[in-house]
Amino acid sequence: MSRTKVVPIPVMGRHNINAYLLLGRRPVIVDAGVPGSGRKIHEQITAHGVDPGDVSLIVITHGHIDHFGSAAELHRLTGAPVAGHVADLGPFRSGRAREPYRPTGLMGRLMARNKNLHLKVEPVEPDLLLRGETDLDDFGIEARVMPTPGHTAGSVSVLTNRGDLVAGDLVANSLFGLVPGRPANPPFHDDPLGNLASLRRMLALDPVRLHVGHGTPLEPDRVRRWAAREHRRLSRLQATGRLSPRAQDDTA
Ligand SMILES: [Zn+2]
Ligand SMILES: [Zn+2]
Numbered sequence: 092m093s094r095t096k097v098v099p100i101p102v103m104g105r106h107n108i109n110a111y112l113l114l115g116r117r118p119v120i121v122d123a124g125v126p127g128s129g130r131k132i133h134e135q136i137t138a139h140g141v142d143p144g145d146v147s148l149i150v151i152t153h154g155h156i157d158h159f160g161s162a163a164e165l166h167r168l169t170g171a172p173v174a175g176h177v178a179d180l181g182p183f184r185s186g187r188a189r190e191p192y193r194p195t196g197l198m199g200r201l202m203a204r205n206k207n208l209h210l211k212v213e214p215v216e217p218d219l220l221l222r223g224e225t226d227l228d229d230f231g232i233e234a235r236v237m238p239t240p241g242h243t244a245g246s247v248s249v250l251t252n253r254g255d256l257v258a259g260d261l262v263a264n265s266l267f268g269l270v271p272g273r274p275a276n277p278p279f280h281d282d283p284l285g286n287l288a289s290l291r292r293m294l295a296l297d298p299v300r301l302h303v304g305h306g307t308p309l310e311p312d313r314v315r316r317w318a319a320r321e322h323r324r325l326s327r328l329q330a331t332g333r334l335s336p337r338a339q340d341d342t343a
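When we follow the working numbering, the leftmost residue of the sequence shown carries the number 92, and every step to the right adds one.
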């Protein structure tokens, strides 16, 4: 067995938006950043000693444009196949995130008005359509793709055999990484309770660290404590009818 190393690839700021490079027998990229980041990711992986032509797979954690915005470009630059979950195929094919965005708090409510969030990006057709847990051994890394629905229906995480969890937007840092190491919700979740259930399922697998799309790596124990508080908060919202299911939201 070879050790799989997780290398952050900052796409915006020092860690406001991250893609990741997973190094095993072959390199795998997780996430592709906002539109126009293909070159930047290409240059950074080259700087890490990777021949972009060796990349065996580009895994997209979900159908938000800060994660798949440059997937088609990165596919052209590397020739690597793109993997995405079937439940987010609509956004991948249309180049638009599923609307409306459902804010998790004040940050999301403010951000939802930002027109950049509603842009159409270059669509991407996944070469590998993920449905369930998927072993990445054939792609040269000791890791599995784990479906972690909730943030979006097609959200996935990648768990290495060393216990590194590359978690997309399953959890984030406070204020996009301005408060490094402090767990927080990303600005939006389609299904907050579903996301929390996915997060707890991943924490139960005892990851050693969580590598997130927005911010610095998170310590699992800190995330566990945060998840317990978040569970109480969501339960209160649900009890008072302030946590409406997506179907009601769509018609609002
Ligand atoms: Zn997202
Ligand atoms: Zn994101």
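Idealized CB from N, CA, C, for every residue including glycine. Bear in mind that the values here come from a model prediction, so they are computed numbers and not experimental data.
For G181, the enclosing alpha helix (DSSP H) stretches over residues L180 to S185. At a cut-off of 4 residues, the continuous stretches assigned as alpha helix (DSSP H) that sit fully inside the segment 142 to 227 are 156 to 159, 162 to 169, 180 to 185 and 197 to 202. The C-beta distance from V177 to G245 rounds to 7 Å, short enough to meet the 8 Å contact threshold.
Between L301 and L256, the gap from beta carbon to beta carbon is short of 8 Å. Not one heavy atom of ligand 2 falls within 7 Å of the beta-carbon of D282. In this structure, the C-beta of H158 approaches ligand 1 to less than 7 Å from one of its heavy atoms. If you look at P101, you'll find it isn't in any alpha helix (DSSP H); it sits in the beta strand (DSSP E) that goes K96 to M103. Cβ atoms of S161 and G124 come within 8 Å of each other, at about 5 Å. Classified as buried, H166 has 16 or more neighbouring CB atoms from the shown chains inside 10 Å of its CB. Residue burial annotation: S289 is buried, with at least 16 other C-beta atoms found within 10 angstroms of its C-beta. In this structure, the C-beta of H302 stays at least 7 Å away from each heavy atom of ligand 2.
Sorted by chain position, residues whose beta-carbon lies closer than 5 Å to a non-hydrogen atom of ligand 1 are H155 and D260.
With distances taken between CA atoms, G154 lies nearest to G175 out of G175, A138 and I136. In terms of CA proximity to A330, L284 leads the group L296, N107, G306 and L284.
A171 sits close to V146, with the two beta carbons spaced by under 8 Å.
With a threshold of 7 Å, the Cβ atom of H305 counts as near ligand 2, since some heavy atom of the ligand is closer than that. Counted as a single uninterrupted DSSP element, the alpha helix (DSSP H) harbouring D312 occupies residues P311 to A330. Two segments are said to touch when three or more pairs of C-beta atoms, one from each, lie closer than 8 Å; by this definition the segment 213 to 227 does not touch the segment 268 to 278. The beta carbons of Q135 and I100 sit about 5 Å from each other, so the pair counts as a contact at 8 Å. Looking at K206, L180 and R200, the one whose alpha-carbon comes closest to that of R222 is L180. Taking a C-beta distance under 8 Å as the contact criterion, V102 and I149 do not qualify as a contact pair. For T152 against G306, the beta-carbon gap comes to about 14 Å, at or over 8 Å, which does not count as contact. Rounded to the nearest whole angstrom, the C-alpha separation of R320 and S326 is 10 Å. In the three-state reduction of the DSSP assignment, L301 falls in the strand class.
Take the alpha-carbon of S265 and the one of H280: they are about 15 Å apart.
A263 is bridged by DSSP to A275.
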